[in-house]
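Structure, as structure tokens:
2 protein chains.
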Amino acid sequence: MSRPVVPAKDVDPVPAGIRVPNSFRAIKAEILKRISERVWLPGELIPGEEDLAREFGCARVTVNRALRELAEIGLVERKRRAGTRIAEHPLREARLEIPVVRSEVEARGAQYRFSILSRERLEAPEAMRARLDLPAGTPMLHVRCLHFADNRPWQFEDRWIHIAAVPDIADEPFERMSPNEWLVKFAPFSEMEIGLSAAAASGEEATLLAIQPGAPVFVFERTTWLIDQPITHVRMLHPQSYRMVSRF
Amino acid sequence: MSRPVVPAKDVDPVPAGIRVPNSFRAIKAEILKRISERVWLPGELIPGEEDLAREFGCARVTVNRALRELAEIGLVERKRRAGTRIAEHPLREARLEIPVVRSEVEARGAQYRFSILSRERLEAPEAMRARLDLPAGTPMLHVRCLHFADNRPWQFEDRWIHIAAVPDIADEPFERMSPNEWLVKFAPFSEMEIGLSAAAASGEEATLLAIQPGAPVFVFERTTWLIDQPITHVRMLHPQSYRMVSRF
DNA sequence: AATTACGATATGTATGTACATAATTGTCAA
DNA sequence: TTGACAATTATGTACATACATATCGTAATT
Numbered sequence: 085m086s087r088p089v090v091p092a093k094d095v096d097p098v099p100a101g102i103r104v105p106n107s108f109r110a111i112k113a114e115i116l117k118r119i120s121e122r123v124w125l126p127g128e129l130i131p132g133e134e135d136l137a138r139e140f141g142c143a144r145v146t147v148n149r150a151l152r153e154l155a156e157i158g159l160v161e162r163k164r165r166a167g168t169r170i171a172e173h174p175l176r177e178a179r180l181e182i183p184v185v186r187s188e189v190e191a192r193g194a195q196y197r198f199s200i201l202s203r204e205r206l207e208a209p210e211a212m213r214a215r216l217d218l219p220a221g222t223p224m225l226h227v228r229c230l231h232f233a234d235n236r237p238w239q240f241e242d243r244w245i246h247i248a249a250v251p252d253i254a255d256e257p258f259e260r261m262s263p264n265e266w267l268v269k270f271a272p273f274s275e276m277e278i279g280l281s282a283a284a285a286s287g288e289e290a291t292l293l294a295i296q297p298g299a300p301v302f303v304f305e306r307t308t309w310l311i312d313q314p315i316t317h318v319r320m321l322h323p324q325s326y327r328m329v330s331r332f
Numbered sequence: 085m086s087r088p089v090v091p092a093k094d095v096d097p098v099p100a101g102i103r104v105p106n107s108f109r110a111i112k113a114e115i116l117k118r119i120s121e122r123v124w125l126p127g128e129l130i131p132g133e134e135d136l137a138r139e140f141g142c143a144r145v146t147v148n149r150a151l152r153e154l155a156e157i158g159l160v161e162r163k164r165r166a167g168t169r170i171a172e173h174p175l176r177e178a179r180l181e182i183p184v185v186r187s188e189v190e191a192r193g194a195q196y197r198f199s200i201l202s203r204e205r206l207e208a209p210e211a212m213r214a215r216l217d218l219p220a221g222t223p224m225l226h227v228r229c230l231h232f233a234d235n236r237p238w239q240f241e242d243r244w245i246h247i248a249a250v251p252d253i254a255d256e257p258f259e260r261m262s263p264n265e266w267l268v269k270f271a272p273f274s275e276m277e278i279g280l281s282a283a284a285a286s287g288e289e290a291t292l293l294a295i296q297p298g299a300p301v302f303v304f305e306r307t308t309w310l311i312d313q314p315i316t317h318v319r320m321l322h323p324q325s326y327r328m329v330s331r332f
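As you go down the protein sequences, you meet chains A and B in turn. Going by our numbering, the first residue of the first sequence is number 85, and it counts up by one from there. Going by our numbering, the first residue of the second sequence is number 85, and it counts up by one from there.
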């Protein structure tokens, strides 16, 4: 009955009182194994922390941590009085790395360069006001910027910045640092919303990206807030060759 | 100096020895606050767990948990002997919800329906073998499926399933449940890789999705594993109107 | 000077214990 | 029958303590 949790070559039970380092990982692995071998089926209630701790010869807190981390990635579901059960629909979310354009380009061994197309101080247009929940007449900075990889257009960035949220940016000419990098460096944010879609390039967009009008583009939009003050909204267009990947 | 961490209305210091429930959340929040208020700048080394524990009047383990969770979302970076520092490029990843087609459609108040276009048992083709790291001749199930929202094409799904990893699927006719739902329900996975891109619809794809050939489509690819056994690879095509959103 | 060994240090994790909290179940009364 | 409330129970979290482990700086060795 007692099934010890020593990492690899568990031959005999762990004597009670001996501390096995990393045992919470071993427990995670063991539970994962039981799920994969269908010892425990989706939807099934598994033994309580107390029982598992006894079975694995460890403290309840250790089992707790293992289960908590499994719950974080969605493999099990836990409820207080009800216990822990294997998730019916395991793993519902992926982590997506938010790239910094320059690093992304350089990571591919390409030469990075950017060019500011326009930079204007304007009152927030209707659509942006609505999206960011700002009052009429709020001063904003509108920047359009083209990023290159080895002198080929990589990304067209169309950005609106809420000046009051990052006053220092008002005087920034973006000569050496792109708005992207500047904001990443100086404007921390706590919340973000991203949108991903495909679209057909407009005439202007096609010209900028050196593709045919109507050709598919990958659209990545992002809005960020600090606490609840909007900072910036950006729409980034990539030619279709672009691909965003996330593994975990 | 001593700055108590009581959740909301902390007026006076927490007497040592009093246990503040959820204090690790409060500590997380306080550290977040210090980052956003630029008390601690990106790249800066922050005080050690021991010191913070003393300052916050709690146990080191509690600070540890707060910092560990902040490290998980990329806001701070930790190294053993070196201590904890504020990340230079804070918040680099977003959580992306992986949708279940049916729920996604129904969540928009639309009628869901799907249709199996083809279902064949084949040996893994070269590209799939390479991608999933399977030996030649591995039996796989190839399923093509069209999902509808209110009878309009919503998603074209092209899926390869590693039969040995989910033997039960061999006899599944997918009459009532789509492959998507079936796998979500019966084939838990622990790892996944996703790819997002834009593409031009091929002739066949255009016909299926009822759009013009060459029109932009949003491509969502996903490969899943359980431990290190590949389960399935799927390529999902959406007409350009599709938009994937994530807020956090 | 380059290499190795070692001690110091900050984080990482395990344990036993105690109490907190949410959710279910049972109980009693209206 | 039903609604309010208390008891129960599994998970959630805190704490003190102890040991584990990675890594940095420094001293000893080559």
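Yeah, the Cβ is synthetic: ideal placement off N, Cα and C, and Gly gets one too. In this text the structure is predicted, and so the values were computed from the model without any measurement.
Worksheet item: Grouping DSSP H, G and I as helix and E and B as strand, with all else coil, what is Gly221 (chain B)?
Response: Residue 221 (chain B) sits at position 137 when you count from the first residue of the second sequence. Looking at Gly221 (chain B) - three-state DSSP - the assignment turns out to be coil, as it is neither helix nor strand.
Worksheet item: Glu210 (chain B): buried (16+ other C-beta within 10 angstroms of its C-beta) or exposed?
Response: As a position in the second sequence, residue 210 (chain B) is number 126, starting the count at 1. So Glu210 (chain B) counts as exposed.
Discussion item. Applying the 10 Å Cβ sphere with the 16-neighbour rule, what's the burial state of Pro297 (chain A)?
Written reply: If you number the first sequence from 1, residue 297 (chain A) lands on position 213. Exposed, since its Cβ has fewer than 16 Cβ neighbours within 10 Å.
Discussion item. My assumption, with CB atoms under 8 Å, is that Ile170 (chain A) sits in contact with Val147 (chain A). Please give the rounded CB distance.
Written reply: Within the first sequence, residue 170 (chain A) is the residue found at index 86, counting from 1. Within the first sequence, residue 147 (chain A) is the residue found at index 63, counting from 1. That pair is no contact at about 15 Å.
Worksheet item: Would you call the CB atoms of His246 (chain B) and Gln313 (chain B) closer than 9 Å?
Response: Taking the first residue of the second sequence as 1, we reach residue 246 (chain B) at position 162. Taking the first residue of the second sequence as 1, we reach residue 313 (chain B) at position 229. Closer than 9 Å, so yes.
Worksheet item: What residues of chain B sit near Val301 (chain A), judged by a beta carbon separation below 9 Å?
Response: On the first sequence, residue 301 (chain A) is found 217 positions in, with the first residue counted as 1. By Cβ distance, chain B contributes Ala282 and Pro300.
Discussion item. I need the straight-line Cα distance from Val250 (chain A) to Gln324 (chain B), nearest angstrom please.
Written reply: Residue mapping note: residue 250 (chain A) aligns to position 166 of the first sequence, counting from 1. Residue mapping note: residue 324 (chain B) aligns to position 240 of the second sequence, counting from 1. Answer to the nearest angstrom: the Cα atoms are 34 Å apart.
Worksheet item: What separation, rounded to the nearest whole angstrom, lies between the Cα atoms of Ser262 (chain A) and Phe198 (chain A)?
Response: Stepping through the first sequence from its first residue, residue 262 (chain A) is reached at position 178. Stepping through the first sequence from its first residue, residue 198 (chain A) is reached at position 114. The alpha-carbon atoms of Ser262 (chain A) and Phe198 (chain A) are separated by roughly 7 Å.
Item to complete: Return the residues of the segment 254 to 277 of chain B that lie within a Cβ-Cβ distance of less than 8 Å from chain A, sorted by chain order.
Response: Val268, Lys269, Phe270, Pro272, Phe273, Ser274, Glu275, Met276 and Glu277
Worksheet entry | Ala271 (chain A) versus Arg186 (chain A) - alpha carbon distance | The count along the first sequence starts at 1 and reaches residue 271 (chain A) at position 187. The count along the first sequence starts at 1 and reaches residue 186 (chain A) at position 102. Whole-angstrom Cα-Cα distance: 17 Å.
Worksheet item: Who are Trp309 (chain A)'s beta bridge partners in DSSP?
Response: What you label residue 309 (chain A) is simply residue 225 of the first sequence in a count that begins at 1. According to DSSP, Trp309 (chain A) bridges with A:Glu275 and A:Pro314.
Discussion item. With a threshold of 9 Å between beta carbons, is Arg165 (chain B) in contact with chain A?
Written reply: Here residue 165 (chain B) is taken as the residue at index 81 of the second sequence, counted from 1. No, its Cβ sits nowhere closer than 9 Å to a Cβ of chain A.
Worksheet item: Beta-carbon of Ser120 (chain A) versus every beta-carbon of chain B: anything under 9 Å?
Response: Your numbering for residue 120 (chain A) matches position 36 in the first sequence. For Ser120 (chain A), the answer is yes, since a Cβ of chain B falls inside 9 Å of its Cβ.
Worksheet entry | Interface residues of chain A facing Val160 (chain B) [CB-CB closer than 9 Å] | Counting from 1 along the second sequence, the entry for residue 160 (chain B) is found at position 76. In chain order: nothing, as chain A lies at least about 12 Å away.
Worksheet item: Taking Cβ-Cβ distances shorter than 8 Å, what residues in chain A pair up with Ile311 (chain B)?
Response: What you label residue 311 (chain B) is simply residue 227 of the second sequence in a count that begins at 1. Per Cβ cutoff of 8 Å: Leu116, Lys117 and Ser120.
Item to complete: Rank A:Gly167, A:Gly279, A:Leu267 and A:Leu280 by C-alpha distance to the C-alpha of Leu310 (chain A) and give the top, closest one.
Response: By 1-based counting over the first sequence, the position of residue 310 (chain A) is 226. The residue with the shortest Cα to Cα distance from Leu310 (chain A) is A:Leu267.
Worksheet item: Exposed or buried, what is Val123 (chain A) when buried is set at 16 or more other beta-carbons lying within 10 Å of its beta-carbon?
Response: Along the first sequence, one-based indexing puts residue 123 (chain A) at 39. Classification for Val123 (chain A): exposed.
Worksheet entry | CB contact flag (Met224 (chain B), Arg203 (chain B), <9 Å) | Here residue 224 (chain B) refers to the residue found at position 140 of the second sequence. Here residue 203 (chain B) refers to the residue found at position 119 of the second sequence. No, these two residues do not count as a Cβ contact at 9 Å.
Worksheet item: In the segment 186 to 220 of chain B, which residues sit with their C-beta less than 7 Å from some C-beta in chain A, listed in chain order?
Response: none
Worksheet entry | CA nearest to the CA of Gly164 (chain A), picked from A:Val189, A:Gly132 and A:Glu190 | The residue labelled residue 164 (chain A) in the question sits at position 80 within the first sequence. The sequence given here places Arg at residue 164 (chain A); Gly does not occur at that position. Here the closest residue by C-alpha is A:Gly132.
Practice prompt. Output the distance between the C-alpha atoms of Thr316 (chain A) and Thr307 (chain A), rounded to the nearest integer angstrom.
Written response: By one-based count along the first sequence, residue 316 (chain A) stands at place 232. By one-based count along the first sequence, residue 307 (chain A) stands at place 223. Taking the straight line from one Cα to the other gives about 6 Å.
Item to complete: Name the two residues that bound the continuous alpha helix (DSSP H) containing His107 (chain A).
Response: Here residue 107 (chain A) corresponds to residue number 23 of the first sequence, with the count starting at 1. Per the sequence shown, the amino acid found at residue 107 (chain A) is Ser instead of His. Looking at the DSSP string, the run of the alpha helix (DSSP H) that includes Ser107 (chain A) is Ser107 to Ser120.
Worksheet item: Skipping 5 residues on each side, what residues in its chain have a beta carbon closer than 7 Å to that of Leu292 (chain A)?
Response: One-based indexing of the first sequence puts residue 292 (chain A) at position 208. Excluding positions up to five away in sequence, the list reads Leu230, Pro237 and Phe240.
Worksheet item: Going along the chain, which residues of its own chain have a beta-carbon closer than 6 Å to the beta-carbon of Leu129 (chain B), five neighbours each way excluded?
Response: Here residue 129 (chain B) corresponds to residue number 45 of the second sequence, with the count starting at 1. Only Gly167 and Arg169 meet the Cβ criterion.
Fill in: Listed by chain order, chain B residues near Pro126 (chain A) by CB distance under 8 Å
Translated into the one-based positions of the first sequence, residue 126 (chain A) becomes position 42. Within chain B, the residues near Pro126 (chain A) are Lys269, Phe270 and Pro272.
Discussion item. So, under 8 Å CB-CB, Val257 (chain A) and Pro300 (chain B) are touching, yes? Tell me the CB distance rounded to an integer number of Å.
Written reply: The sequence position of residue 257 (chain A) within the first sequence is 173, counting from 1. The sequence position of residue 300 (chain B) within the second sequence is 216, counting from 1. At residue 257 (chain A) the sequence reads Pro, which differs from the Val that was named. Not really, about 35 Å apart at Cβ, beyond 8 Å.
Discussion item. I believe Phe108 (chain A) touches Arg149 (chain A) by the beta-carbon criterion, under 8 Å. Please report the beta-carbon distance rounded to the nearest angstrom.
Written reply: For the purposes of this step, residue 108 (chain A) is taken as the residue at position 24 of the first sequence. For the purposes of this step, residue 149 (chain A) is taken as the residue at position 65 of the first sequence. Distance from Phe108 (chain A) to Arg149 (chain A) at the Cβ level is roughly 5 Å; contact confirmed, criterion being Cβ atoms closer than 8 Å.
Worksheet item: CA-CA distance, His173 (chain A) and Lys269 (chain B)?
Response: The residue labelled residue 173 (chain A) in the question sits at position 89 within the first sequence. The residue labelled residue 269 (chain B) in the question sits at position 185 within the second sequence. In a straight line, the C-alpha of His173 (chain A) is about 6 Å away from that of Lys269 (chain B).
Practice prompt. Look up Trp244 (chain A) in the DSSP assignment and say whether it is helix, strand or coil.
Written response: Here residue 244 (chain A) is taken as the residue at index 160 of the first sequence, counted from 1. In this structure, Trp244 (chain A) counts as strand in the three-state DSSP scheme.
Worksheet entry | Below-9 Å beta-carbon distance, His226 (chain A) vs any chain B residue | Within the first sequence, residue 226 (chain A) is the residue found at index 142, counting from 1. Chain B contact via Cβ: absent.
Discussion item. Less than 6 Å between C-beta atoms, sequence neighbours within five positions excluded: which residues of the same chain meet that for Ala283 (chain A)?
Written reply: Here residue 283 (chain A) is taken as the residue at index 199 of the first sequence, counted from 1. Leaving aside the five residues that flank Ala283 (chain A) on each side, the residues in its chain whose CB is nearer than 6 Å to its CB run, in chain order, Val301 and Val303.
Worksheet item: Is the distance from the Cβ of Ala208 (chain A) to the Cβ of Leu216 (chain A) below 9 Å?
Response: As a working mapping, residue 208 (chain A) is identified with position 124 in the first sequence. As a working mapping, residue 216 (chain A) is identified with position 132 in the first sequence. Yes, Cβ-Cβ distance for Ala208 (chain A) and Leu216 (chain A) is below 9 Å.
Worksheet item: Does DSSP classify Glu181 (chain A) as helix, strand or coil?
Response: Here residue 181 (chain A) refers to the residue found at position 97 when the first sequence is read from its first residue. Three-state result, Glu181 (chain A): strand.
Worksheet item: Is Gly287 (chain B) buried or exposed, if buried means 16 or more other CB atoms sit within 10 Å of its CB?
Response: Taking the second sequence and counting its residues from 1, the one referred to as residue 287 (chain B) is at position 203. Under this definition Gly287 (chain B) is an exposed residue.
Worksheet item: So, Arg213 (chain A) versus Arg319 (chain A), is the Cβ gap smaller than 9 Å?
Response: Within the first sequence, numbered from 1, the residue matching residue 213 (chain A) stands at position 129. Within the first sequence, numbered from 1, the residue matching residue 319 (chain A) stands at position 235. No, they are not a contact pair.
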